[in-house]
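This is the structure:
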């Protein structure tokens with residue numbers, strides 16, 4: 001399957017998350033479950049709720065050892081939860097995407113998506129897809145307030 005077809009299938013599945021979500025957190029968790037299920041299961045996803053300068057882990061799915069690790073690769077120097085930019089870092093075969101979600105110009109959530117020992121290469125298409133997810137979540141936030 002071509003990457004563009006794969007991402008189009010994900011877009012359709014993610015679109016359904018909003019239809020079935022009961023609140024904002026459930027909406028984001030449903031999106032994460034779609035992404036995780038579509039992956040090779042050799043990844044992990046975390047969702048942090050941001051408040052001021054602190055973050056609280058609210059959801060984690062993926063490799064068990066990653067759930068207990070204190071910091072994601074790239075944490076500490078990217079400050080992805082404070083800047084409204086999607087970033088990714090790579091070391092060897094490990095790649096981490098930091099995806100901030102803002103609400104009224106303030107950081108609300110930080111999603112980290114880690115690919116472990118993956119053959120999948122992050123491309124411009126993936127970064128555009130991540131930005132689409134951010135826009136989708138941010139545009140639906142007011143529906144849950």
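In UniProt numbering, the protein residues as written are 1 to 145. Even for Gly, the Cβ is constructed at its ideal location relative to N, Cα and C.
{"Item": "Own chain partners of residue 58 with C-beta closer than 6 Å, once the 5 adjacent residues on each side are dropped", "Value": "47 and 49"}
{"Item": "Residue 128 - DSSP class collapsed to helix/strand/coil", "Value": "helix"}
{"Item": "Nearest to residue 86 (by Cα), restricted to the options 32, 143 and 130", "Value": "130"}
{"Item": "Euclidean distance between Cα positions of residue 16 and residue 124", "Value": "24 Å"}
{"Item": "Own chain partners of residue 117 with C-beta closer than 8 Å, once the 5 adjacent residues on each side are dropped", "Value": "42, 93 and 94"}
{"Item": "Simplified DSSP state of residue 98, which is helix, strand or coil", "Value": "strand"}
{"Item": "Which residues DSSP lists as bridging residue 53, in chain order", "Value": "BP columns for residue 53 are empty, so no partner."}
{"Item": "Cβ of residue 97 within 7 Å of any chain B Cβ", "Value": "Absent from the structure is chain B; it holds one protein chain and no more."}
{"Item": "Cβ pair residue 14, residue 34 closer than 7 Å", "Value": "yes"}
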